[in-house]
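J.: Have a look at this one.
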Amino acid sequence: AQSVTQLDSHVSVSEGTPVLLRCNYSSSYSPSLFWYVQHPNKGLQLLLKYTSAATLVKGINGFEAEFKKSETSFHLTKPSAHMSDAAEYFCVVSDLWGKLQFGAGTQVVVTP
Amino acid sequence: SQTIHQWPATLVQPVGSPLSLECTVEGTSNPNLYWYRQAAGRGLQLLFYSVGIGQISSEVPQNLSASRPQDRQFILSSKKLLLSDSGFYLCAARGGPTGTYNEQFFGPGTRLTVL
Numbered sequence: 001a002q003s004v005t006q007l008d009s010h011v012s013v014s015e016g017t018p019v020l021l022r023c024n025y026s027s028s029y030s031p032s033l034f035w036y037v038q039h040p041n042k043g044l045q046l047l048l049k050y051t052s053a054a055t056l057v058k059g060i061n062g063f064e065a066e067f068k069k070s071e072t073s074f075h076l077t078k079p080s081a082h083m084s085d086a087a088e089y090f091c092v093v094s095d096l097w098g099k100l101q102f103g104a105g106t107q108v109v110v111t112p
Numbered sequence: 001s002q003t004i005h006q007w008p009a010t011l012v013q014p015v016g017s018p019l020s021l022e023c024t025v026e027g028t029s030n031p032n033l034y035w036y037r038q039a040a041g042r043g044l045q046l047l048f049y050s051v052g053i054g055q056i057s058s059e060v061p062q063n064l065s066a067s068r069p070q071d072r073q074f075i076l077s078s079k080k081l082l083l084s085d086s087g088f089y090l091c092a093a094r095g096g097p098t099g100t101y102n103e104q105f106f107g108p109g110t111r112l113t114v115l
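Chains R and L, in that order, are what the protein sequence lines are. Counted from 1, the first sequence has number 30 at position 30 by this note's numbering; the numbering is strictly sequential. Counted from 1, the second sequence has number 64 at position 64 by this note's numbering; the numbering is strictly sequential.
Take a look at the structure:
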């Protein structure tokens, strides 16, 4: 069985400051992990994925995430937030058959 | 890359009416297909997935059904809608063979309101 816990339901940051979205996972085998972003009333867009290659994964729009097996974490970061980063972010774990387990989501608010 | 089309984009239906949401996929063959529902303020819940034509697996018991009449067509249906069926419905596709960690691509979604 596998599960994902997003530790923050809401994160508020000022434009130009770093963003940190925390995610912990539980999996009985080596997982595949993803971060998706959802803007209001839109579908989900893949930011990045980890599939047992490099532990530091770079994604689109300046986001990156680091897989830490010892901490069972896959936190998402961005050095400098932009207004367009305001959205909901989902940490996701996948099994080999492609069935995804979603975290509850983190709503990001960016203030000027 | 894959492109997922969903329609309609928004739908308002009375309780007890039927439902048909359609999803089509471009850019891949023999994809795994998925229907998710996202209720207000909640995460995504997997409703159905399909690994091939006519093959449907249901994840949760509910008022809905799914069908896959063609390789790249996935339909979500209901005979009688309930208020609790309101939500944002997302179709997703995953290419590549089982055992590969390919990401899922999502459609733009359908906003369903049952009154």
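Ideal placement from N, C-alpha and C gives every residue a C-beta, glycine not left out.
By DSSP, does L96 of chain R sit in helix, in strand, or in coil?
T.: Taking the first sequence and counting its residues from 1, the one referred to as residue 96 of chain R is at position 96. Reduced to three states, the DSSP call for L96 of chain R is coil.
J.: Do P31 of chain L and G43 of chain R have their C-beta atoms within less than 8 Å of each other?
T.: On the second sequence, residue 31 of chain L is found 31 positions in, with the first residue counted as 1. On the first sequence, residue 43 of chain R is found 43 positions in, with the first residue counted as 1. Contact flag unset, no.
J.: Using a Cβ-Cβ cutoff of 7 Å, what residues of the region 43-76 of chain L are near chain R? List them in chain order.
T.: Within the region 43-76 of chain L, the qualifying residues are G43, L44, L46 and Y49.
J.: Since L125 of chain R meets chain L, which of its residues come closer than 7 Å, beta carbon to beta carbon?
T.: The requested residue 125 of chain R is not part of the displayed model; chain R covers only 1 to 112.
J.: Using a Cβ cut-off of 8 Å (strictly closer), state whether L47 of chain R contacts chain L.
T.: For this step, residue 47 of chain R is matched to residue 47 along the first sequence. Chain L contact via Cβ: absent.
J.: Are the CB atoms of F74 of chain R and L33 of chain R nearer to each other than 8 Å?
T.: Here residue 74 of chain R is taken as the residue at index 74 of the first sequence, counted from 1. Here residue 33 of chain R is taken as the residue at index 33 of the first sequence, counted from 1. Cβ atoms of F74 of chain R and L33 of chain R: closer than 8 Å.
J.: Once the 5 residues before and after R111 of chain L are set aside, which same chain residues still bring their CB inside 6 Å of it?
T.: Numbered from its first residue, the second sequence carries residue 111 of chain L at position 111. Cβ within range, chain order: T10 and F88.
J.: By Cβ distance below 7 Å, which residues in the same chain neighbour L81 of chain L in space, the five residues on each side in sequence not counted?
T.: Counting from 1 along the second sequence, the entry for residue 81 of chain L is found at position 81. So the qualifying residues of the chain are Q13, V15, G16, S17, L19 and V114.
J.: Near T72 of chain R, what residues of its chain come up, given a Cβ to Cβ distance below 7 Å and the 5 sequence neighbours on each side ignored?
T.: The residue given as residue 72 of chain R occupies position 72 in the first sequence. Taken in chain order, the residues that qualify are N24, Y25 and S26.
J.: For a contact defined as C-beta to C-beta under 7 Å, what are the partners of E103 of chain L on chain R?
T.: Along the second sequence, read from residue 1 onward, the residue named residue 103 of chain L stands at position 103. F34, L46 and K49, listed in chain order.
J.: For S57 of chain L, collect the residues of the same chain with a Cβ closer than 6 Å to its Cβ; drop the 5 residues on either side in sequence, then sort them by chain order.
T.: As a first step, residue 57 of chain L is located in the second sequence; it is residue number 57 there, counting from the start. These residues qualify, in order along the chain: Y49.
J.: What residue ranges within the region 30-59 of chain R form continuous beta strand (DSSP E) runs of no fewer than 3 residues, ordered along the chain?
T.: For the region 30-59 of chain R, whole beta strand (DSSP E) runs of length 3 or above, ordered along the chain, are 32-38, 44-50 and 56-58.
J.: With contact counted as at least three CB pairs below 8 Å, one residue from each stretch, are the region 88-105 of chain R and the region 34-43 of chain L in contact?
T.: Touching, yes.
J.: Give a yes or no on whether 8 Å exceeds the smallest Cβ distance from K58 of chain R to chain L.
T.: Counted from its first residue, the first sequence places residue 58 of chain R at position 58. Not one chain L Cβ lies under 8 Å of K58 of chain R.
J.: Per DSSP, what are the beta-bridge partners of L21 of chain L in this structure?
T.: Translated into the one-based positions of the second sequence, residue 21 of chain L becomes position 21. Beta-bridge pairing links L21 of chain L to L:L76.
J.: Within 10 angstroms of the Cβ of S70 of chain R, are there 16 or more other Cβ atoms? Answer buried if so, exposed if not.
T.: Residue mapping note: residue 70 of chain R aligns to position 70 of the first sequence, counting from 1. Flag for S70 of chain R reads exposed.
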